[in-house]
Amino acid sequence: MRKILTVKVINFIIECELENGDIYQYDMSFIKKSKGPMLNELKEHSLFNKVFIELGSLSWPNGYEIHANTIAREGILISKNQDSA
């Protein structure tokens, strides 16, 4: 199972380093058009920027989570760890 080690927020883009050293960007601008109580809260930058890592996944104070496998599958690989190639 993959794990996220670090997270950085750039507007609604999440940049994550996975435990193998690969770095992905994951565009979360889809939440601006999404509906539902959890995503509506994340439209506010003040809450969105409170993302943290819990058990290797991204989490927000409202309970919304994204697993590392989603980041690797749907994100854009921006830096590949040469040791994992």
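Numbering (the working numbering), first residue to last: 44 to 128.
Ideal Cβ placement from N, Cα and C applies to all residues, glycine included.
Identify, in the order they occur along the chain, each residue of the same chain with its Cβ nearer than 6 Å to the Cβ of residue i, setting aside the five sequence neighbours on each side.
i    : result
C59  : I47, V50, Y67 and I114
P104 : K93
M81  : N105 and Y107
E84  : L90 and N105
If you measure between the beta carbons of residue i and residue j, is that distance less than 8 Å?
i    : j   : result
N124 : N63 : yes
I56  : D65 : no
K75  : K86 : yes
S102 : F95 : yes
In chain order, what residues of the same chain have a beta carbon less than 7 Å from the beta carbon of residue i, not counting five sequence neighbours either side?
i    : result
S100 : I47, E108, I109, H110 and A111
Using DSSP with H/G/I as helix, E/B as strand and the rest coil, what is residue i?
i   : result
D70 : strand
K75 : helix
L61 : strand
L90 : helix
Going by DSSP, what residue range makes up the alpha helix (DSSP H) through residue i?
i    : result
L85  : P80 to L85
N112 : A111 to E117
Ends of the beta strand (DSSP E) at residue i?
i   : result
L98 : Unbroken run through L98: none, as it is neither H nor E.
DSSP puts residue i in a beta bridge; with which residues?
i   : result
K46 : None; K46 has no bridge partner.
K51 : E58
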